[in-house]
Amino acid sequence: NAGVTQTPKFQVLKTGQSMTLQCAQDMNHEYMSWYRQDPGMGLRLIHYSVGAGITDQGEVPNGYNVSRSTTEDFPLRLLSAAPSQTSVYFCASSSYGQTLMNTEAFFGQGTRLTVV
Amino acid sequence: GDSVTQMEGPVTLSEEAFLTINCTYTATGYPSLFWYVQYPGEGLQLLLKATKADDKGSNKGFEATYRKETTSFHLEKGSVQVSDSAVYFCALSKGPDSSYKLIFGSGTRLLVRP
Chain A
1 NAGVTQTPKF QVLKTGQSMT LQCAQDMNHE YMSWYRQDPG MGLRLIHYSV
51 GAGITDQGEV PNGYNVSRST TEDFPLRLLS AAPSQTSVYF CASSSYGQTL
101 MNTEAFFGQG TRLTVV
Chain B
1 GDSVTQMEGP VTLSEEAFLT INCTYTATGY PSLFWYVQYP GEGLQLLLKA
51 TKADDKGSNK GFEATYRKET TSFHLEKGSV QVSDSAVYFC ALSKGPDSSY
101 KLIFGSGTRL LVRP
């Protein structure tokens, strides 16, 4: 039962560097999302996808890109890292719940990113 | 816009004490409400949920009742344990096609002392 797998768990970047945070799920969920967690602010939605080939912006999308070429994978790209992107990043997946009984979102263990 | 407000932490309790963590929401329509828990070094796990007014979610001794009249979903536990120490997040989603965009409160850290 892998669920949602994120890599890496920790990363330090220099300002201006680029990197990709990986996220994979094995539950055949249609929906996948990226959140960032900052102290005192809870989790905020960065980007989301409702299916392969479909992505959209969340609350805080600036500085991040995503793509969804397969149902399983949803990578998050930082094009030019900035100190303001220091945060803990969580990937989540979920499925459409016609009866509201299966609307639970499953989260990965997170990636702690520090930009210096 | 839609939002979730939680009581500020940290909340520090002795083992076997009664726990209440307050959560209120602002949303149009009929959102589903959730409590997620984050143990140290881990991701978020669903603790309980309620999908309509007056529903009570429960799990592991925790309970929360969806109160539409007061727009609240307070988390309670009658007797906390040291192992309950974690950060608790209240969240909402707007329907079965919105589980990809949960709206979270800021989180409440609970510390239970032996």
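Going down the list, the protein sequences come from chains A and B.
Just so you know, the first sequence maps onto residues 1 to 116 in this note's numbering.
Just so you know, the second sequence maps onto residues 1 to 114 in this note's numbering.
C-beta atoms are modelled at their ideal positions from N, C-alpha and C, and glycine is treated no differently.
Residues near residue i by beta carbon distance below 6 Å, same chain, minus five either side
i, result
"Val12 of chain A", "Thr114"
"Glu76 of chain B", "Thr20, Glu63"
Beta-carbon proximity of residue i to residue j, cut-off 8 Å
i, j, result
"Ala64 of chain B", "Phe73 of chain B", "yes"
"Tyr31 of chain A", "Ile46 of chain A", "no"
Residue i versus residue j: straight-line alpha-carbon distance, rounded
i, j, result
"Gly57 of chain B", "Leu48 of chain B", "5 Å"
"Pro31 of chain B", "Tyr25 of chain B", "9 Å"
"Phe89 of chain B", "Val50 of chain A", "24 Å"
"Thr108 of chain B", "Tyr36 of chain B", "11 Å"
"Val4 of chain A", "Gln25 of chain A", "4 Å"
"His29 of chain A", "Gln85 of chain A", "27 Å"
"Lys9 of chain A", "Glu42 of chain B", "10 Å"
"Leu46 of chain B", "Lys94 of chain B", "17 Å"
Under the three-state DSSP convention, the category residue i falls into
i, result
"Asp26 of chain A", "coil"
"Val60 of chain A", "coil"
"Ser49 of chain A", "strand"
"Asn4 of chain A", "Here the sequence assigns Val to residue 4 of chain A, which means Asn is not the residue at that position. Strand."
"Ser95 of chain A", "coil"
Cβ-heavy atom distance, residue i to the ligand COA, below 7 Å
i, result
"Ala27 of chain B", "In the structure shown, the ligand COA is absent, as is every other ligand, since no ligand is present at all."
Own chain residues within Cβ distance below 7 Å of residue i, not counting five before or after
i, result
"Ser67 of chain A", "Thr55, Pro75"
"Lys52 of chain B", "Tyr30, Tyr66"
Own chain partners of residue i with C-beta closer than 8 Å, once the 5 adjacent residues on each side are dropped
i, result
"Asp84 of chain B", "Leu19, Lys77, Leu110, Val112"
(message) Check whether the region 79 to 95 of chain A and the region 29 to 36 of chain A touch, using three or more Cβ-Cβ pairs below 8 Å as the test.
(response) yes
(message) Using 8 Å as the cut-off, can you tell me whether the region 68 to 84 of chain A makes contact with the region 7 to 26 of chain B, which would need three or more C-beta pairs spanning the two stretches below that distance?
(response) no
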